[in-house]
Each structure stands twice: as structure tokens, then as C-alpha cells.
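One structure is given here, and the rest of the page talks about it.
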Amino acid sequence: GKKRLDLAGPLLANLFRMLFRKLTKDVYRYLQKCVETHKEFNLSLAVKHNTITNGLKYSLATGNWGDQKKMMSAKAGVSQVLNRYTYASTLSHLRRCNTPLGREGKIAKPRQLHNTHWGMVCPAETPEGQACGLVKNLSLMSCISVGSQSAPVIEFLEEWGLESLEENAHSSTPCTKVFVNGVWMGVHRDPANLVKTIKKLRRKDDISPEVSVVRDIRERELRLYTDAGRVCRPLFIVENQQLLITKKHINQLSEKTLKWDELIKGGVVELLDAEEEETVMICMTPEDLDNSRNGIDPAAQLEADFDPSIRLKTAPTAHTWTHCEIHPSMILGVCASIIPFPDHNQ
-18 GKKRLDLAGP
-8 LLANLFRMLF
2 RKLTKDVYRY
12 LQKCVETHKE
22 FNLSLAVKHN
32 TITNGLKYSL
42 ATGNWGDQKK
52 MMSAKAGVSQ
62 VLNRYTYAST
72 LSHLRRCNTP
82 LGREGKIAKP
92 RQLHNTHWGM
102 VCPAETPEGQ
112 ACGLVKNLSL
122 MSCISVGSQS
132 APVIEFLEEW
142 GLESLEENAH
152 SSTPCTKVFV
162 NGVWMGVHRD
172 PANLVKTIKK
182 LRRKDDISPE
192 VSVVRDIRER
202 ELRLYTDAGR
212 VCRPLFIVEN
222 QQLLITKKHI
232 NQLSEKTLKW
242 DELIKGGVVE
252 LLDAEEEETV
262 MICMTPEDLD
272 NSRNGIDPAA
282 QLEADFDPSI
292 RLKTAPTAHT
302 WTHCEIHPSM
312 ILGVCASIIP
322 FPDHNQ
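Letter by letter, the sequence shown follows residues -18 to 327 of the working numbering.
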């Protein structure tokens, strides 16, 4: 669940980088030859115009990602011909992700469904046989982060009291380490306040909505991620045990006056990745919120020795929810979600 996915962008960028390097190498070689043989340097002969074009075409046509000459190191099957059997198969094929592991080794571990996949990857839709569990499909509402600049986040941190490592090498006060994309930027004295502020800014769209903020209290760490390829999914935001989304929003959505992006920018819906999901409390349905507002514990009421004459004690440790699922069926992928009664057999 915490792994990064390589999308078309980064894959093509790496390919282009490789081809451009090849182009510059060719120019360098030609220039060397010109110097050695005392010929005049001719730019149109030096730059081979078709290196990049043919390289990109070859990789997209064959699916072998990499250099034509180094066939062994290239990844096979990166670009595929789009399935057009049915409309559903096309949609399903567009949301497929592949784990680059050898299909031969019959290893069970990478094929199993992991807990962090909940809501990110479909639990049912995977091919049988060789690639079982290695080829996965994204769930209905999950999306993949495009990646944004980390500079604005770092600037903001410095304004908000991030201390550099040199300053407090010998201070005794307990500090929280701050990481941005896995790089240790410095330490902070008041992490709780910092996290609150960052989340507020993210909901106001001052920081990109796909930045994830993970506070690990036990390890005293605060991790921020702005990189590409993290699988995120949307959740309703809950404040004071109340959903922030209202009937007004729903009516505007059905009248098409409000768009999805505006919901995210308006701080009603939030995108969470697998890592940040571990630091929040998510309830399955809005009814759970009603129960926790009224201090009812439904599990306690279901017990067999339920005596109607006892006055129910309100649970002092009522759950403090921070988010609510949009709908539980959103854990399924494109194909699994069109199966009628998927929770029944026969």
C-alpha cells in the first residue's frame, strides 16, 4: 500500500533522459572525431535527429522499456495494446497496475492482499494463474498523486519554527524530527500545532491537496510527502463528530454547479494516502457519527445479556472520528463493483 507506482509521466521521463544522454554522447563523439581529423564541425551532421523519436516509438510499440541494444536490462510489457472487448474491460485495463516480479518463482508473500491495500486496491479483481496477486487493479475512487514541488512546503516549515540541525546539536529538550520526502530537514518543538496548521492550509488549498502529513508520535517524527506515485483515496472530513459535507453541497453537486475539485479545495473532502491513513480515525458510515455523538456503543447493545432496565453508561472513551468513508463499496475495483450481491454465494 505504501509503495510508489510509476505512471506514464515518470516512465517516459526516464526513457527520454536516457535517449537524450545517448544523443549528447553521439554529439560528443562526433566533435572528438572532428578535432582529431581537423574537419569542420557540422551541427546538422552531429545531431542525429531521429535518435529520440525512434527510441520513444520503439519502446511504445514493443513495450520493451529501455535501450534497443541492451535488451536484457529492459523492462518488458510496459506499454500494452488497450483491451477493447467490452467497455468494462477497457476501464478495468486502464486502472491496472503491475508488480515487476518474476512470474516463475512461486512466492506467496507479494501475492497476498495487505491490510494497507484497503480502499486503494481491489481485493477481488486479479487474474488467476501465474500473475495472481501480482497484477492488481485500483479501486474505484483511488487516484495516484502527480507529485508537486517540495520547496513551498519547506519554505512554510522554516517560517513556522523549523530549527536546522546545526543550531540545536546539544539541546536537551525533546524535539520532533521533520522529514520532507524522506530527507531530514530539521527539528520542531511543537509538532501537534504544526500538523494542525499544515492540515488547515491543505484543506484551504494553500498547500497542494495531495501532500501527505504523517506524525509518528512514538518515534517522534513528522513525515511530509510531496512525491509522485502515491496511491491516495478521498474521504469525508469530520469535525466535532459532524460531517463537513452538507445537504447544500449534495444539491449543488446534483445540479452540476459544484465540481469535485471544489469539494477538495473547500475542505470538505480530503485525499489520504496509505501512510497518512494510519494516523487518522475513519468511520464506515455517517450512522457511526450519530452513535458517537449520542454516546451509544452498538457493540455493547448487541450482547446477549442485555438488560433493558440498566441505565446505559455513556462511553467516556467515545471514538473521536476524524474522517468518514464516502461509501464502503468503494474498496472494489471497476469489474468487481458491477457484480450483483458480491457478499453472497450461489
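C-beta atoms are modelled at their ideal positions from N, C-alpha and C, and glycine is treated no differently.
Asked	Found
K56, DSSP secondary structure in three states	strand
Other residues of its chain near Q61: CB distance less than 7 Å, five sequence neighbours each side excluded	G44
Euclidean distance between Cα positions of P309 and R211	21 Å
Cutoff 7 Å; reference I307; Cβ partners in own chain excluding five residues on either side	M122, P215, L216, F217
A69 vs I312 beta-carbon contact at 8 Å	no
Neighbourhood of T303 by C-beta distance below 7 Å, restricted to the same chain and skipping five residues each side	V219, V261, M262
Run of the alpha helix (DSSP H) containing L24, from where it starts to where it stops	24 to 27
Among P323, M52, F(-3), L94, the one whose alpha carbon lies nearest that of N31	F(-3)
Alpha carbon of K51 to alpha carbon of V59, nearest angstrom	16 Å
Near the ligand MN: D48 beta-carbon under 7 Å from a heavy atom	No copy of the ligand MN occurs in the structure displayed, which carries no ligand at all.
Opposing strand residues paired with K380 [DSSP bridges]	Limits of the chain in this structure are -18 at one end and 327 at the other, which puts residue 380 out of reach.
Strand pairing of Y39, partner residues [DSSP]	BP columns for Y39 are empty, so no partner.
Three-state class that DSSP yields for L4 in the structure shown	helix
H95, DSSP secondary structure in three states	coil
Rounded distance between the beta-carbons of L225 and N203, thought under 8 Å	Residue identity differs from the one stated: residue 203 is Leu in this sequence, not Asn. That pair is no contact at about 24 Å.
Those residues which DSSP pairs with S310 across a bridge	Its beta-bridge partners do not exist; DSSP assigns none.
Given 8 Å, three or more beta-carbon pairs between the region 236 to 243 and the region 14 to 22	no
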